[in-house]
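>
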Amino acid sequence: MKTSNHQTVTLGMGCFWSPDALFGQLAGITRTRVGFAGGTTENPTYRQMGDHSETVEMDFDPSIVSLETILHVFWSNHNPVNINDYKGRQYRSLVLYRNPIQMDIIHKVMADREVQGNGRPDTEVAPLIHFYLAEDRHQKYYLKRYPDALDKLKPLFPTDEELTNATLAARLNGLAKGYTNMDKIIHEIRTWLISSEEQEEIIRLIRRIKW
Numbered sequence: 001m002k003t004s005n006h007q008t009v010t011l012g013m014g015c016f017w018s019p020d021a022l023f024g025q026l027a028g029i030t031r032t033r034v035g036f037a038g039g040t041t042e043n044p045t046y047r048q049m050g051d052h053s054e055t056v057e058m059d060f061d062p063s064i065v066s067l068e069t070i071l072h073v074f075w076s077n078h079n080p081v082n083i084n085d086y087k088g089r090q091y092r093s094l095v096l097y098r099n100p101i102q103m104d105i106i107h108k109v110m111a112d113r114e115v116q117g118n119g120r121p122d123t124e125v126a127p128l129i130h131f132y133l134a135e136d137r138h139q140k141y142y143l144k145r146y147p148d149a150l151d152k153l154k155p156l157f158p159t160d161e162e163l164t165n166a167t168l169a170a171r172l173n174g175l176a177k178g179y180t181n182m183d184k185i186i187h188e189i190r191t192w193l194i195s196s197e198e199q200e201e202i203i204r205l206i207r208r209i210k211w
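Taking the UniProt record's numbering, the leading residue of the sequence shown gets 1, the next gets one more, and so forth.
(1) Is it buried or exposed, N43, if we count other Cβ atoms within 10 angstroms and call 16 or more buried?
(2) Cα-Cα, which of Q90, T123, A170 is closest to F36?
(3) Quick one: which unbroken beta strand (DSSP E) runs of 3-plus residues sit fully inside the region 65-129? Chain order, please.
(4) At the level of alpha carbons, what is the spacing between R145 and R190?
(5) The alpha helix (DSSP H) with E201 in it runs from where to where?
(6) Would DSSP call G178 helix, strand or coil?
(7) For T10, I'd like the list of residues in its chain whose CB is within less than 6 Å of its CB, leaving aside the five on either flank, ordered along the chain.
(8) If you drop the 5 nearest sequence neighbours on each side, which residues of the same chain put their C-beta closer than 6 Å to that of L94?
(9) Just how far apart, CA to CA, sit I29 and T167?
(10) Kindly indicate which three-state DSSP category E188 falls into: helix, strand or coil?
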């Protein structure tokens, strides 16, 4: 459900499954995808990641959710110094920006958090060079643990690519992980810029899912 007014940012905060669900449940996030970035290895895979890190890439509508808000969620939900007690490039605290405006916002939020007594996060900040999409089995990982949900969603999103890119799938992935609830998702759907008939059809469908 990408709007004409959208931006993209790529973040690393450990294993990418949970961040995909964490950010996917936020209103204003229109798409999430997990993949590999931050390194130089060409065409990485999950088993051959090279010097890349696990990351989540998200499209967002800044009129609904700001990059500042996204960054506060990011730094409030992981420990940049020692992610999951794991040392190595696969799991890094990482913010990859796409333009100088994003870079300025990132450094301002970092400075503000330091002034507020949160300390300066030990996070690598760098320009995005390339984002490599991870394999289908890693996309919307928690949602895919519910076969009935996939069956119910199949008519709307017949391919893995369509499911991965869907705003609705991002929200339901957040629900499957426990980051949101059905009432919140339904309330948001009724604000989407689609007809009321389409809204209610989607709501009826997701209410029938057996979790």
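Yeah, the Cβ is synthetic: ideal placement off N, Cα and C, and Gly gets one too.
Computed from a predicted structure; not experimentally measured.
On the basis of the supplied data:
(1) exposed
(2) Q90
(3) 93-97, 124-127
(4) 26 Å
(5) 196-207
(6) coil
(7) A37, T55, E57, L96, L128, F131
(8) G12, G38, S53, E124
(9) 7 Å
(10) helix
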